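Below is one structure, written out as structure tokens; comments come after it.
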Amino acid sequence: MSALTAVKQQDGSYSVDIRGWMCPYPKYMLEPLLKKMAGKQKRISLLVDCPSAATDVPDVARKMGYKVPEVTQIGDGEWRIIIE
Amino acid sequence: MGTAVAVFRSIKENLYIPLFKKVWPVWAGALAFAITNVLMAAYARGLGVFPQLSMWGASLINAIGIKTQAPFAAYPVTPILNDSHSMINFGIVFGVLGAALLSREFKLRTDSWRGYAQGFLGGALMGWGTVLTPPCNVGGFGTAIMALSLSGFLMAIGLLLGGFVGARILMWQAKRAISGITIKEEPARPVAEKAYTSRQPVIGWVVIALLFVAVAVYAGLNKPNFGVLLLFGAAFGIIFQRSRLCFAAAFRDVFTTRDTRVLRWILVSLAVGMVGFSILKFKGFIPADHFVFPAGLHNVAGGFVFGIGMVIAGGCGVGVLWRSAEGYVRHWFAILGGMLTAGSWVLLYGHQVGQGWLYSSSAGGLGKVFLPTALGWGGALAAAALTLAAFYTFLTWLEAKKR
């Protein structure tokens with residue numbers, strides 16, 4: 022449950038590392054996060070380390086009308102989810 | 004040779020990959036849970052993990068020199084490796100660990116001290132919820148409903164309310180974390196992504212092999228029963244880990260995000276399990292009062308306390324064992340919290356579970372209510388099925404109203 026940082030990437034997208042936040046925090050964070058980043062950049066990549074988030078977070082994002090072009094396992098128990 | 008390779012490849016693609024590489028659909032987990040629970044009840048008992056955790060807690064308290072009884076009369080303080088029922092809990096840990104490693108999902112997940120404190124507090128609330136209800140979510144709600152105990156239905160009310168309160172707390176924390184987010188506009192240097200290979204599946208096979216070694220050791224000690232319960236626990240562990248059938252999430256999301264899918268599948272699973280338990284009880288294979296707990300207001304109150312606890316801890320009784328085995332350190336604290344509060348219950352309250360004023364008629368207690376005794380078999384099954392159907396319909400309506 023450590024403090025979060027959204028880091029701008031070279032391509033203008035933002036990356037938010039929410040590893041260490043168990044489920045359902047990532048799912049609950051999605052709406053306030055996308056609201057906070059609205060107008061900044063449409064593409065956000067999230068790093069999560071809770072297995073349920075790899076399916077929950079894309080579900081919630083899609084229901085909110087976003088696209089989820091990529092969910093990739095990047096390490097043992099870690100995933101990257103891209104939301105646009 | 005070519006055929007052997009083709010057979011191996013086919014088994015890998017059709018069995019191994021769906022089981023250990025892909026997430027199971029929730030319905031598959033729900034049905035597997037029901038069937039395994041009926042089979043284990045036929046063999047020994049239904050699933051519930053907190054009475055054993057309470058016994059472990061009471062043992063710990065005795066070990067530091069304070070004499071106390073375990074809260075559940077059926078499970079007195081016993082050395083853990085000599086307690087057959089504890090094998091179910093160890094089996095869950097084994098099974099989850101094996102499944103998580105095979106699917107490359109294990110990670111030692113440390114947390115902040117706040118996370119650990121919250122885990123401990125959630126566990127502590129679950130410990131109290133367990134002794135008040137009794138017992139835990141999977142046992143007191145799930146297995147109890149399968150076993151046609153009125154208490155299970157009443158506990159569901161408390162779990163729904165407690166789950167809602169817990170979810171509100173988590174949502175508030177999530178919102179606060181986002182509002183405090185730091186945004187770095189200085190573009191980060193691109194990090195070259197390394198190709199990712201995992202050794203976890205190999206370790207997973209070692210864990211599964213060790214499980215069978217433990218089974219063999221108990222068989223050698225002339226205690227095959229211990230090994231069988233270890234295997235049952237492991238089967239539950241694999242089912243929960245792979246299908247992510249989480250009883251805490253099921254109640255948590257009903258009134259908040261109105262995601263009722265998991266709970267609806269759990270209700271289907273209870274209906275299936277109910278058929279199995281009814282056959283076992285009707286034919287006299289297991290005692291009629293197996294998993295029938297005292298009913299009354301204490302089920303609602305206990306479910307409420309347990310519901311808050313399981314959500315802020317991040318899993319119910321089974322859930323914290325499961326997450327602990329996936330490497331969540333927070334859940335180790337939850338187990339400890341649950342063990343200590345439930346284990347010290349007799350010291351605080353002076354009686355064991357089911358005894359004393361809390362469960363008496365003056366506090367809204369009805370005693371043990373086995374539905375077929377009250378309503379006859381036909382009436383009980385009809386009432387239980389209609390209640391589950393009405394609950395299912397309500398959940399579907401609730402979710403439909405969201406859109």
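Note that the protein sequences, when read in sequence, are chains Y and U. Take any residue in the first sequence, count from 1 to its spot, add 21: that is its number in my numbering. Take any residue in the second sequence, count from 1 to its spot, add 3: that is its number in my numbering. Ideal Cβ placement from N, Cα and C applies to all residues, glycine included. Only a predicted model underlies this, so the values are computations on that prediction, with no experimental measurement involved.
DSSP beta-bridge partners of residue i
{"i": "L67/Y", "result": "V37/Y and I102/Y"}
{"i": "I186/U", "result": "A27/Y"}
{"i": "Y111/Y", "result": "A query on residue 111/Y cannot be resolved here, the shown segment of chain Y reaching from 22 to 105 and no further."}
{"i": "F444/U", "result": "A question about residue 444/U goes unanswered here, because the residues of chain U that appear run from 4 up to 406."}
{"i": "P297/U", "result": "K371/U"}
{"i": "R117/U", "result": "BP columns for R117/U are empty, so no partner."}
{"i": "R112/U", "result": "Y331/U"}
Residue i (DSSP reduced to helix, strand or coil)
{"i": "Q94/Y", "result": "strand"}
{"i": "A7/U", "result": "helix"}
{"i": "L151/U", "result": "coil"}
{"i": "P137/U", "result": "coil"}
{"i": "R326/U", "result": "helix"}
{"i": "Y19/U", "result": "helix"}
{"i": "A237/U", "result": "helix"}
{"i": "E196/U", "result": "coil"}
{"i": "F309/U", "result": "helix"}
{"i": "D80/Y", "result": "helix"}
{"i": "Y46/U", "result": "helix"}
{"i": "P54/U", "result": "helix"}
{"i": "A337/U", "result": "helix"}
{"i": "K61/Y", "result": "coil"}
{"i": "F123/U", "result": "helix"}
{"i": "S73/Y", "result": "coil"}
{"i": "I38/U", "result": "helix"}
{"i": "N65/U", "result": "helix"}
{"i": "W27/U", "result": "coil"}
{"i": "N225/U", "result": "coil"}
{"i": "Q244/U", "result": "helix"}
{"i": "P74/U", "result": "coil"}
{"i": "M2/U", "result": "No answer is possible for residue 2/U: it lies beyond the span of chain U, which begins at 4 and ends at 406."}
{"i": "S363/U", "result": "coil"}
{"i": "Q203/U", "result": "helix"}
{"i": "K286/U", "result": "coil"}
Separation of residue j from residue i, as counted between CA atoms
{"i": "I181/U", "j": "I38/U", "result": "42 Å"}
{"i": "Y119/U", "j": "S327/U", "result": "12 Å"}
{"i": "M342/U", "j": "R64/Y", "result": "45 Å"}
{"i": "L270/U", "j": "L248/U", "result": "12 Å"}
{"i": "S66/Y", "j": "D32/Y", "result": "12 Å"}
{"i": "E104/U", "j": "T81/U", "result": "Per the sequence presented here, residue 104/U reads as Leu, with Glu not at that position. Going from the Cα of L104/U to the Cα of T81/U covers about 31 Å."}
{"i": "W268/U", "j": "P190/U", "result": "45 Å"}
{"i": "F288/U", "j": "K404/U", "result": "44 Å"}
{"i": "L234/U", "j": "R40/Y", "result": "32 Å"}
{"i": "V265/U", "j": "Y46/Y", "result": "18 Å"}
{"i": "A222/U", "j": "Y19/U", "result": "28 Å"}
{"i": "S246/U", "j": "D38/Y", "result": "25 Å"}
{"i": "S36/Y", "j": "A24/Y", "result": "14 Å"}
{"i": "V96/U", "j": "I311/U", "result": "24 Å"}
{"i": "I184/U", "j": "K61/Y", "result": "14 Å"}
{"i": "E16/U", "j": "F93/U", "result": "30 Å"}
{"i": "A316/U", "j": "V257/U", "result": "18 Å"}
{"i": "A74/Y", "j": "Y49/Y", "result": "10 Å"}
{"i": "S34/Y", "j": "K110/U", "result": "27 Å"}
{"i": "L389/U", "j": "G305/U", "result": "24 Å"}
{"i": "V218/U", "j": "G51/U", "result": "21 Å"}
{"i": "N225/U", "j": "M90/U", "result": "15 Å"}
{"i": "V231/U", "j": "E196/U", "result": "45 Å"}
Cβ distance (whole Å) where residue i is taken to contact residue j below 8 Å
{"i": "F309/U", "j": "G165/U", "result": "6 Å"}
{"i": "A27/Y", "j": "M58/Y", "result": "7 Å"}
{"i": "I102/Y", "j": "P79/Y", "result": "6 Å"}
{"i": "A44/U", "j": "F280/U", "result": "6 Å"}
{"i": "L63/U", "j": "G346/U", "result": "6 Å"}
{"i": "A237/U", "j": "L214/U", "result": "6 Å"}
{"i": "E329/U", "j": "V29/U", "result": "At roughly 18 Å, the Cβ-Cβ gap does not stay under 8 Å, so E329/U and V29/U are not in contact."}
{"i": "T263/U", "j": "L398/U", "result": "4 Å"}
{"i": "Y331/U", "j": "R112/U", "result": "5 Å"}
{"i": "F75/U", "j": "L162/U", "result": "Not confirmed; about 20 Å, so no contact."}
{"i": "P204/U", "j": "R107/U", "result": "7 Å"}
{"i": "E125/U", "j": "A337/U", "result": "The sequence shown places Gly at residue 125/U, rather than the Glu named in the question. Their Cβ separation, rounded to whole angstroms, is 5 Å, which keeps G125/U and A337/U in contact under 8 Å."}
{"i": "F53/U", "j": "G320/U", "result": "4 Å"}
Touching or not, the segment 53-60 of chain U and the segment 191-204 of chain U, by the rule of three or more beta carbon pairs under 8 Å? no
Does the count of Cβ pairs from the segment 127-141 of chain U and the segment 262-282 of chain U closer than 8 Å reach three? no
Indicate whether the contact test is met: 3 or more Cβ pairs, each with one atom in the segment 172-188 of chain U and one in the segment 45-53 of chain Y, closer than 8 Å. yes
The segment 279-289 of chain U in contact with the segment 143-153 of chain U per 3-pair CB rule at 8 Å: yes
Say whether the segment 80-98 of chain U touches the segment 348-362 of chain U, bearing in mind that this needs 3 or more beta-carbon pairs closer than 8 Å, one atom from each stretch. no
Check whether the segment 83-102 of chain Y and the segment 16-27 of chain U touch, using three or more Cβ-Cβ pairs below 8 Å as the test. no
Determine contact between the segment 363-383 of chain U and the segment 292-303 of chain U, defined as no fewer than three beta-carbon pairs at a distance below 8 Å. yes
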